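For the sequence shown, counting from 1, position 50 maps to 49 in numbering that gives the first Met the number 0; every step adds exactly one. Cβ coordinates follow ideal geometry from the N, Cα and C atoms, glycine included. Given the structure is predicted, the values throughout are model-derived calculations rather than measurements. Below is one structure; the comments refer to it alone.
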Amino acid sequence: MLRIETQRELDGRWIAQVPAIPGLLAYGTTEAAARKRVEGFAMLVINDRMKNGEPLPHELASAMKARKQESPQALPIGSRRPGRIRP
Numbered sequence: 000m001l002r003i004e005t006q007r008e009l010d011g012r013w014i015a016q017v018p019a020i021p022g023l024l025a026y027g028t029t030e031a032a033a034r035k036r037v038e039g040f041a042m043l044v045i046n047d048r049m050k051n052g053e054p055l056p057h058e059l060a061s062a063m064k065a066r067k068q069e070s071p072q073a074l075p076i077g078s079r080r081p082g083r084i085r086p
């Protein structure tokens, strides 16, 4: 959902960053390693922001809003809610 940009440094290391979260970046010995690390850091930042009621990065908030509109959390017809007792 969040765009990740990667670039190879002159010393051979890879750097990955998430432009929607200023200052969030991670290094890795490979591009995949840098991406994996920055994804993990992004999840921590997003989780912290959600817990504290802080705004989410715009592109993530927009994607979540669009996803909610596409698939409302409704139960299929004929399904039962957990714990419901039928007569």
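- According to the DSSP assignment, isoleucine 14 belongs to no alpha helix (DSSP H) but to the beta strand (DSSP E) extending over 13–16.
- Under the criterion of beta carbons closer than 8 Å, proline 18 and arginine 2 qualify as touching, at roughly 6 Å.
- Rounded to the nearest angstrom, the gap between the Cα atoms of threonine 29 and valine 37 is 12 Å.
- Secondary structure note for leucine 24: it is in no alpha helix (DSSP H), and the uninterrupted beta strand (DSSP E) holding it is 24–27.
- The alpha carbon of phenylalanine 40 has as its nearest neighbour, out of Thr5, Ala25, Gln6 and Asp10, the alpha carbon of Ala25.
- The Cβ atoms of valine 44 and leucine 23 sit closer than 8 Å to each other.
- Bridge pairing for arginine 7: Trp13 [DSSP].
- Each of Leu9, Asp10 and Ala33 was checked against the Cα of glutamine 16, and the nearest Cα belongs to Ala33.
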